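Peer 1:
Dropping the structure here:
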């Protein structure tokens, strides 16, 4: 009689487990006398996992909800971008909670900390380790590989990772997953007692030493191993005094070899050559290497399923090979993949929400979908992923009167950037509201623009799109928070500053002797042209000539004069020295303020009143508005954006904006008491007029 | 002694196979006396595959490169969009060649034939079956389900699919895969001899009949089965005279039940209730049903891995449930996924290139990457995926003088569409150059615009982005090919036609008595405004007043007068009747021509000379240019697009354009002989002047 129901199924599972162990022994068992088994190398049975793949039988997976540990060394701006694509590919296929251990320099840490904090992926834990502290441990090894000292850090992981960590997967930043990382983790189960490191064979003839004349590689077992993907048994490494072992071997080899060529990989191979019992050979599909002289085709043409692609060097995506398109498509999949879609929980695992996520979920759950301003409320609560300094950046040297131009834009204003660079030779901090795919287009745009790629003092911060309303003030706050000079010029991207403005502002700041803590907002008068083609005035005199000729106007003179009326353009015409002006309702000048000025109010999403509220905040905090007599910037024409057209035509939009204004005034009263009354009165008066 | 190398591995694989069969018997074996095994239903062991999933052991996969067959019934515009998302998800995870059998109405066939032909996915075969022919077979069954007759067609598949087909997977259009379809196919191996249909249990209490008072569902075994995902053994169904069986049962039930509520699913369940031995129960993860009253949570919280999500009804994505976000993200992944990335071959399978792909690959391989115009050459060869009539569309009734406005645009001109609809009340055929993600934004834009969603005579054709240069003439040709009226007005999207233009053109066409085959190109004079805000003239008289006042200009009067000079604006001012004009170099008027006019030359990608070449072609084919005295359209200002700015500033761009022009002229001489000489002379003269 057969057992029935659950007991029967459990019995079968147990039986299966036992059988798999037996089979595993057949397939993975090592012959200790010969070191490596030949049947998993390129020459003898090139595909390693072929029989496994063909039978379609993957190894046993780790239990549902088991935490897996991954280590990545990452330094600098470009590697930080790369590592995000890798992480996206891992998260896309993963079904387990993950703990990423990131060994980073200060640049990567700054970028990735912000990114992961704002990404808010459930069931992901991030821990940072300071690469700086590791440098002394490996700096004695000369290395000619482009990865430099960072390339050697995998050697010292056992000494710096927490003692409680027994096993980790170590990845290079230039690999992409196309499978569940738990399948890789499962291969730990196949290690023999003595094996401490799992590696895929190196898929080129590099270590055979026959690639060119006088090519003298480090010693390796056969073709050697590639260290782009490593399974590391930390506990056993610690027991086998790994540290002494690799140092001894490295020192010995460095007596005859002047430096490592392939960083840690040379050392790992030299150690394995002497201690072959330490290595566990992984199937080739777990590290398909697209390097120069690659022999990977022998692996991927036979395999049923590729698991991890290793690009090996920056140029790999452009390699002209008949399968280049195939691999390029895999990579582009994750490059352009919308990271917010990875904010999905692991169904059925205990909740592992990142910090802040629970409150956020509750706040969102309290919103009423039927309420007319629901879209506004939801947008206000949205936490956007933020990738600061997306491109290499040189922070400006500390100078007491330096000014950063701060603004925000989306894809439809990208063509403004070159002109902006020509008009503003100083530092800029720009927030860009883009999708992941657009961020790649943007990258290409900068790289192919001689003007933009020459500028290292422009910091680009990507805020990833999410939701229907443009989060204008959240964007401004991101750009503002990343400005590194004592002063900031808060501008809009459709404005081109006078060519001399950067120098003039710094000179003015110096002359005005504004001490730190002195609350001044220097007003840069705003003009506009309605024509595409016009020659930008080189001086105030030229500007005034154009104004008189009717080719230039004061900004929004016809539609919204109150926005800039307090600047007093008539007085500015004649002014030779800065003059003070008073706040009035709806004033929204472009100003230069100290970097520590109040932030923009993020409740204003979409269009309308976002700058007005900020200027009120400045006035409430008793900033003095000083108009600069030689400063100006000019607004260029553009078609109304899609968002503006959509929402300006909607009565709901106007009602919601009104509600936002009222809430803003309530908060203002709460903060500033009776002093805030004048703003409310002004609002009511202006509404009475309208 | 252990066997070594390959023989050892093969031995292990064989052993494993045997063991799995034994285990499979334990896990999947049916007890024939009781019909269904209880341990795979929601109540007893709700997760079906739980033990399997937990052990991480999937079923044996089919051999590498085996062809799998999939059947989908699809009708109408919206289902055609839906099915593409489904197909994307299948292709993303698949590793096998696939044959899709599509049962379609004329609308879906038209859309999907174009789409798959231009998609050019390797190792995918498409075959269409006419749903019209199936209707008589099932039209006798009353059905209240929204799917109508199409919902019943799965019942008759065994009679219409080729006899050579033994097994197929049948899918509803509203399912999304999150796993390799080969794993589903592999479940055929678990069917007993008598089982003919594999189904997942229905994940609601619908068939229990207790959802509301007087709810009278069709009979079913327990909770019944869901037919959104079916494994069908066609050969066995044919042998068991399936046709008689289901008809008999359906007729019998229809004596007491007035109609099916859930289409084919009711009939399948009624048959299974009487013949439980026919059904093979599939694990719940293969059809996770997010319907009203869903109990799917019992399945997905326990399962290690979801395989197929079934949205069940159009509103499902908006269901407010605590896992809605999780499922929405899965769906959005493929909605926005760039379909061209799925054009990847199956490495190691015999090449199964779609028609034309091989010549294309060869042509691309012949290009020289170092050649300065490489990007142009590559762009010219690019085959873009095309989704014609992306949204529901009502073809215009046949009228002898009707005119379709034909144009093309990308995302940055979307805001022109509403104005265009207000100015042109007739049919339009628009090609949109978008990414997959942008196509979804566009869909949302139309759905939320009262102006656009009210218009059913506007056909939107999506041409998916690929490559750095705007394929302007390929876009125009797509829009032109889809125009359904005898005449077309070839315009650009930045132009707004006079409000009366549509009526005026039809009247003119009638008055001019242009016979079919008569070659006339009616010129619509072009003007431009440099201001955003301007009131559109209601008549020629008003237009002339604005021209005289300097608010309007003839188009590109300052930058490129030769583009429209032959239109002779001075004569037009006074004209009361149509007048003939002669071609001259660089002439590029906007014209109304018969639908069968020459196509645009697709070699012109990017910007420049694309319309000029078309007008030359018209002249070479002896079209008569007739200027209409009351017709006009006005160009609105816009910032230069990113593409224009990028390429206009590049000397290479200008050189390549020059090369294209010369090749065009060579081809012209080849086609038209000495008659084409005048174009070359004109080109040389104008270059001499420049």
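Chains as they are written, first to last, in this note's numbering: chain A, 1 to 690; chain B, 1 to 690.
The beta carbon of each residue, even a glycine, is placed where N, CA and C say it ideally should be.
Values in this document were obtained by computation on a predicted structure and should not be read as measured data.
#1: If I measure Cβ to Cβ from residue 534 (chain B) and keep anything under 7 Å in the same chain, skipping five residues before and after, which residues do I get?
#2: Just checking, does the region 561 to 574 of chain B make contact with the region 420 to 437 of chain B on the three C-beta pairs under 8 Å criterion?
#3: Using C-beta distances below 7 Å, list every residue in its chain close to residue 703 (chain A), excluding the 5 sequence neighbours before and after it, in chain order.
#4: Closer than 7 Å, Cβ to Cβ, to anything on chain B: give me those residues from the region 393 to 418 of chain A, in chain order.
#5: Express the C-alpha separation of residue 496 (chain A) and residue 422 (chain A) in angstroms, rounding to a whole number.
#6: Determine the chain A residues that contact residue 521 (chain B) at a beta-carbon separation under 7 Å, and present them in chain order.
#7: Residue 295 (chain A) and residue 145 (chain A): beta carbons closer than 8 Å?
#8: So, do the region 351 to 360 of chain B and the region 435 to 452 of chain B have three or more beta carbon pairs nearer to each other than 8 Å?
#9: Distance cutoff 8 Å, beta carbons only. Does residue 384 (chain B) sit that close to anything in chain A?
#10: For residue 670 (chain A), count the other beta carbons within 10 Å of its own beta carbon; 16 or more makes it buried, fewer makes it exposed. Which is it?
#11: Would residue 323 (chain A) count as contacting chain B if we go by Cβ distances under 8 Å?
#12: For residue 198 (chain B), which residues does DSSP report across the bridge?
#13: Do you know whose CA, among B:579, B:180, B:651, lies nearest residue 304 (chain A)'s CA?
#14: Using a beta-carbon distance below 8 Å, is residue 257 (chain B) in contact with chain A?
#15: Is the Cβ of residue 34 (chain B) closer than 8 Å to any Cβ of chain A?
#16: Quick one: what does DSSP say residue 683 (chain A) is sitting in, helix, strand or coil?
#17: Give the interface partners of residue 345 (chain B) over in chain A, defined as CB-CB distance under 7 Å, in chain order.
#18: If contact is defined by three or more beta carbon pairs under 8 Å, each pair taking one atom from either stretch, is the region 322 to 338 of chain A in contact with the region 97 to 107 of chain A?
#19: Any beta carbon of chain B sitting closer than 8 Å to that of residue 304 (chain A)?
#20: In the structure shown, what three-state DSSP assignment does residue 177 (chain A) receive?
#21: Please confirm if the region 584 to 604 of chain B is in contact with the region 476 to 494 of chain B, defined as three or more CB-CB distances below 8 Å between the two stretches.
#22: Which residue or residues does DSSP assign as beta-bridge partners of residue 299 (chain B)?
#23: Verify the CB distance criterion: does residue 293 (chain B) have a CB-CB separation below 8 Å to chain A?
#24: Quick check: the Cα distance between residue 575 (chain B) and residue 636 (chain B), rounded to an integer number of angstroms?
#25: Which complete beta strand (DSSP E) runs does the region 102 to 177 of chain B hold, if anything under 3 residues is left out?
#26: Compute the beta-carbon to beta-carbon distance between residue 173 (chain A) and residue 385 (chain A), rounded to the nearest angstrom, for a pair I have assumed lies under 8 Å.
#27: Less than 8 Å between CB atoms is the rule here; does residue 21 (chain A) satisfy it with respect to chain B?
#28: List the residues of chain A that residue 653 (chain B) touches, going by C-beta distances under 8 Å, in chain order.
#29: Please classify residue 80 (chain A): does DSSP put it in a helix, a strand, or coil?
#30: Are the CB atoms of residue 264 (chain B) and residue 155 (chain B) nearer to each other than 8 Å?
#31: Could one say the Cβ of residue 307 (chain B) lies closer than 8 Å to chain A's Cβ atoms, at least one of them?
#32: Under a CB-based cut-off of 8 Å, is residue 554 (chain B) close to chain A?
#33: Under a CB-based cut-off of 8 Å, is residue 351 (chain A) close to chain B?
#34: Taking all protein chains shown into account, decide if residue 545 (chain A) is buried (16 or more other Cβ within 10 angstroms of its Cβ) or exposed.
#35: Sorted by chain position, which residues of the same chain lie with C-beta nearer than 6 Å to residue 600 (chain B)'s C-beta, five sequence neighbours on each side aside?
#36: Going by beta carbon distance, what residues of the same chain come within less than 6 Å of residue 335 (chain A), once the five residues before and after it are set aside?
Peer 2: So, to answer that:
#1: Answer for residue 534 (chain B): 551, listed in chain order.
#2: The region 561 to 574 of chain B is not in contact with the region 420 to 437 of chain B.
#3: With chain A covering only 1 through 690, there is no way to say anything about residue 703 (chain A).
#4: Residues passing the 7 Å Cβ filter: 412, 414, 415.
#5: In this model, residue 422 (chain A) and residue 496 (chain A) are separated by some 9 Å (Cα to Cα).
#6: Within 7 Å Cβ-Cβ: nothing; residue 521 (chain B) doesn't reach chain A, min ~30 Å.
#7: Going by beta carbons, residue 295 (chain A) and residue 145 (chain A) fall outside the 8 Å limit.
#8: Output reads no: the region 435 to 452 of chain B does not touch the region 351 to 360 of chain B.
#9: It does not; no Cβ of chain A falls within 8 Å.
#10: Result: exposed.
#11: Residue-level contact check: residue 323 (chain A) touches chain B, since one or more beta carbons of chain B fall below 8 Å from its beta carbon.
#12: DSSP lists B:231, B:280 as partners of residue 198 (chain B).
#13: The residue with the shortest Cα to Cα distance from residue 304 (chain A) is B:180.
#14: So, not an interface residue.
#15: The predicted model places residue 34 (chain B) with a pLDDT of 33, which falls under 50 and marks its position as unreliable, so this point remains unresolved.
#16: Here residue 683 (chain A) carries a helix assignment [DSSP, helix/strand/coil].
#17: Simply 326.
#18: No, the region 97 to 107 of chain A is not in contact with the region 322 to 338 of chain A.
#19: For residue 304 (chain A), the answer is yes, since a Cβ of chain B falls inside 8 Å of its Cβ.
#20: Under the three-state reduction of DSSP, residue 177 (chain A) is assigned to strand.
#21: These segments touch.
#22: None; residue 299 (chain B) has no bridge partner.
#23: With a threshold of 8 Å between beta carbons, residue 293 (chain B) makes no contact with chain A.
#24: Across the structure, residue 575 (chain B) and residue 636 (chain B) are spaced so that their CA atoms are roughly 25 Å apart.
#25: For the region 102 to 177 of chain B, whole beta strand (DSSP E) runs of length 3 or above, ordered along the chain, are 124 to 130, 167 to 171, 175 to 177.
#26: Incorrect: roughly 19 Å between the Cβ atoms, too far for contact.
#27: Model confidence at residue 21 (chain A) stands at a pLDDT of 46, short of 50, so the residue's coordinates are unreliable; what they give is reported in the following sentence. Interface flag for residue 21 (chain A) against chain B is unset, since no Cβ pair is found closer than 8 Å.
#28: Chain-order list of chain A residues neighbouring residue 653 (chain B): empty, with the shortest C-beta distance near 12 Å, by a criterion of under 8 Å.
#29: Looking at residue 80 (chain A) - three-state DSSP - the assignment turns out to be helix.
#30: Contact flag set, yes.
#31: Output row for residue 307 (chain B): interface = no.
#32: No, no contact with chain A.
#33: Taking Cβ atoms only, chain B never reaches closer than 8 Å to residue 351 (chain A), which makes this a no.
#34: By the neighbour-count rule (16 or more Cβ atoms within 10 Å), residue 545 (chain A) is not buried but exposed.
#35: Cβ contact annotation for residue 600 (chain B) (same chain, cutoff 6 Å, sequence separation greater than five): 473, 476, 477, 614, in chain order.
#36: 85, 440.
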